[in-house]
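Take 34 as the starting number for the sequence shown in our numbering and just add one per residue.
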Amino acid sequence: MNIRRSLIAGNWKMNLNINKAVELINAIAAIMNEIDEVDVLVAPPFTMLPAVRKAIGSSGIFLGAQNMHQDMSGALTGEISGRMLQDVGCTHVILGHSERRGIFQETDEIVNLKVKAALVLGLIPIICIGETLEEREAGKTFEVIKGQLNNSLQNFKADQLMPPSTILAYEPVWAIGTGHTATPEQAQEIHQFIRKWVEDNFNIGTANQIRILYGGSAKPENISGLMAKPDIDGALVGGASLKGDPFINLIRFKK
Ligand code: PGA
């Protein structure tokens, strides 16, 4: 039996507005009572968080943010702290997304500080890692993944870093927003590698419990194949999370 609950998480990126967000949440909330084996999470832009929190009500949808600053407060114009995210009801935060790494120059060292801050607060980090197309084609996928894991997750003790609630996400950059989903076999190969890394660097209990999501053009048509793989515990979904129908069909996936 799989001890890990599946998780389908929607990363809305810089899309929607408050009205559309509430509409989308209402549509998801309406089917939550028929879903009992899958956790559901949405990560809206900051401005929509309070309205989304309210619309979520007691439906059981988890609320996450897409980023945070590592400091708790201070003279940091334009930044949002983890404490502020908790203040509006977030329980999760996506950290180290490839768009943050690539477009906003977030290094593994910064991701490491952010993870540390989230854990101090009790916010659950969804820590993203993944290789670019050039890195894959150069045969460097494992090296890159290992480097990101080593550097983003350094200096943590097993009990500190990896409660069952800490989440990892493998998102091959070449699959994000491109329509080129990794095959279930390609994704499984890396998920297995990541789980083994967790076992080697922390312990087997943590490795068995930690959820590893796949991200990169996940959609209703490919979710079942991905979820059938033993080390794939869910999906971090961009494009297909912005409308009720595809996202609800993702949540309703059948292995
Ligand atoms: P995508 O994005 O589903 O649109 O490829 C995934 C992500 O970036 O988290």
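C-beta atoms are modelled at their ideal positions from N, C-alpha and C, and glycine is treated no differently.
For this session: Could you work out which residue in S131, M260, D278 and I157 is closest to K287 when comparing CA atoms only?
Result: M260
Exercise. Mind checking whether the beta-carbon of V270 lies closer than 7 Å to any heavy atom of ligand 1?
Worked result: yes
Exercise. Taking just the CA atoms, how far does I160 sit from D141?
Worked result: 11 Å
For this session: Express the C-alpha separation of A88 and V177 in angstroms, rounding to a whole number.
Result: 40 Å
Exercise. What number of angstroms, rounded off, separates the C-alpha of L154 from the C-alpha of L128?
Worked result: 14 Å
For this session: Compute the beta-carbon to beta-carbon distance between L109 and H102, rounded to the nearest angstrom, for a pair I have assumed lies under 8 Å.
Result: 6 Å
Exercise. Is the distance from the Cβ of P158 to the Cβ of T124 below 8 Å?
Worked result: no
Problem set entry | Backbone secondary structure at N44 - three-state DSSP | strand
Exercise. Within 7 Å: the Cβ of E204 and any heavy atom of ligand 1?
Worked result: yes
Exercise. Nearest-angstrom Cα distance between M81 and V270?
Worked result: 18 Å
For this session: Take D104 as the anchor and find which of G277, R133 and L146 has the nearest alpha-carbon.
Result: L146
Exercise. Under the criterion of a Cβ to heavy atom distance below 7 Å, does I223 qualify as lining ligand 1?
Worked result: no
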